[in-house]
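Enquirer: Structure provided below as C-alpha cells; questions to follow.
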Amino acid sequence: MIQANDNILSQDISNERPTDRKSPNGRPSTYYERTTTVRFVMPSTGRAHCTKLNRVIPTKAEVRSGALLCKHFLDGRCNSGPNCRFIHVPPSFLWKYLIPVTNREFYERGFSLRCFSPDMTCYYDIPSEYIYATNGSCKYIDLYNLNGDNFKEKFKICKNLQQNYRCDLGAQCEDIHCCTHDLSSFQQIHTHVANERAMSLYEKLPGDITVRVYTAHTDNQVVEDFNGSDVLRTAGATQYEEAYREQRGIPNLKMQHCVHFQNNKMCRLGDGCRFIHVVSVALKGNASPVSFAHNSSNYTSLPGSVVPEPLPTSSQVSPAMVQLSPSIKRLSPVRRNDPYSLLV
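Numbering-wise (UniProt numbering), the sequence shown opens with residue 1 and increments by one.
This is the structure we're talking about:
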C-alpha cells in the first residue's frame, strides 16, 4: 500500500510570511496572498483543510500551517471577532486536503476526481475507488490540494483505455484511467462546446425574445442585444427568459457573457451555467475550437446521482480479482513497470 506522507501540517507557509514580500507601493503582495495555499485543522474531524492566504480573515491567531480553525466561526456565530484565538476562514473557501492511498493499482475511497470525457462533451465526478493511479491522476491531486477545484488544467479520461480496453502507457499516462467502461451511472454534466456541429444539437432560447448581454470584467462595458435563437439555454438564460416573459420586454437583469464559452470555446457547466452562451460570439472568436465527436448517447437526459457499487479495497484483493457491479464492465488493468510514488 502506498500512502502519502502524513506530515502535512508541520510545514510552514513556504517558510515565508505575507509581509516578507512587498509590492512597489510598499503594501503586501496581493499576488503572493492569492497564490499561497495554507492548511488548517478542522476542529470537528482533525483533518487538514486548505485555503488561499487571502481568504483568511485577520484574528489574533498566528496564520500558519497546522493552526486550528474556529468552530464557532464555521457555524456562523463567533462572538470574539478579530480577538479570536483561532483561524477564521469562510467555509465556502475551504477544501479538504486529499491524502491519496492506493491498493495495488487503485485509489481507495475517500475523494472524487472530476474529469472530461475524451471528446470533452461530458464532465464526470468519479469516486476515487474507480480510478487507477497514473501520472494524470497524481497531477490532479497535486493541483487540487493547491487550488481546490479552481485550476485551469483540463483532465480527460484516457481515450485508448475507454475505446480499446487497454492503454500501453499504463501508470505513465497523463490522462485519467477509470476501471469501468460504462460511465453513465456516475454524476455528470453535459458541457457546451463551441463548434458548429456541437451547437446544432444544443437547445436554444425561443426566437421571439431579445437577450441583452453585457461584456464581463471590463471598465467600459459594452451592451449587445441578441435574438433568442442565437443563445444556448443555460441556467442564466432560463432566468432571463422567465424575467422577460414576466415583464413583457427586456428585464432589469445585467446578464454577462460566459468567458469560458466565449474565449476557451467550452464551458464545463453546460446548461447549468449562470452566464450567457451566445453562439455567434463564440464561433467568431480566435481560440481554437474544441474537437467534438458526435455520440447521440451524450445527449440523453442526465442520470441521477446513483453511483455504481464501490469496489472492495482490502489489501488482500488484487485489481484482477475485483468483482464489479453486474452492469459495469471492468477494463484491462494498466501496465505498471515501476512503482509509482504519490506526490503530495
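Even glycine gets a Cβ: it sits at the ideal position worked out from N, Cα and C.
Within 8 Å of any Cβ in chain D, is that where the Cβ of K265 sits?
Expert: Here there is only one protein chain, and chain D is not present.
Enquirer: Ignoring anything shorter than 3 residues or poking outside the segment 193-228, list the beta strand (DSSP E) runs there in chain order.
Expert: 210-214, 223-227
Enquirer: Using DSSP bridges, identify the partner residues of R39.
Expert: Answer is C50, bridged to R39.
Enquirer: I need the boundaries of the beta strand (DSSP E) containing residue 415, first residue and last residue.
Expert: For the chain, the structure presents residues 1 to 344; residue 415 sits outside this window and is missing.
Enquirer: Q221: buried (16+ other C-beta within 10 angstroms of its C-beta) or exposed?
Expert: Looking at its Cβ environment, which holds fewer than 16 other Cβ atoms inside 10 Å, Q221 is exposed.
Enquirer: Any idea what DSSP makes of D142, helix, strand or coil?
Expert: helix
Enquirer: Mind checking which residues open and close the beta strand (DSSP E) that includes F93?
Expert: Boundaries for F93: no beta strand (DSSP E) harbours it, and the DSSP string shows neither H nor E there.
Enquirer: Within 10 angstroms of its Cβ, does E62 collect 16 or more other Cβ (buried), or is it exposed?
Expert: exposed
Enquirer: From P251, M266, N252, pick the residue whose C-alpha is nearest to that of C258; which is it?
Expert: That would be M266, whose Cα lies nearest to the Cα of C258.
Enquirer: Going by DSSP, name the residue or residues bridged to K156.
Expert: F116
Enquirer: Could you give the DSSP three-state label for L253: helix, strand or coil?
Expert: coil
Enquirer: Evaluate M91 with the Cβ neighbour count: other Cβ atoms within 10 Å of its Cβ, from every protein chain shown; 16 or more gives buried, anything less gives exposed.
Expert: In the sequence under discussion, the amino acid at residue 91 is Pro, which differs from the Met named in the question. Result: exposed.
Enquirer: Output the distance between the C-alpha atoms of S297 and R109, rounded to the nearest integer angstrom.
Expert: For S297, the predicted model reports a pLDDT of 34, less than 50, meaning its position is unreliable; a value from the coordinates is still stated below. Going by the C-alpha atoms only, they are around 28 Å apart.
Enquirer: Assign Y165 to one of three DSSP states: helix, strand, or coil.
Expert: coil
Enquirer: Please work out which residues of its chain come closer than 7 Å, Cβ to Cβ, to V223, disregarding the five sequence neighbours upstream and downstream, and give them in chain order.
Expert: For V223, same chain residues with a beta-carbon under 7 Å away, outside a window of 5 residues either side, are R212, Y214 in chain order.
Enquirer: Apart from the five residues on each side of it in sequence, which residues of its chain come closer than 7 Å, Cβ to Cβ, to H260?
Expert: M266, C267
Enquirer: Determine the DSSP secondary structure at F106, reduced to helix, strand or coil.
Expert: strand
Enquirer: For V259, which three-state DSSP category applies?
Expert: Residue state, collapsed to three classes: helix.
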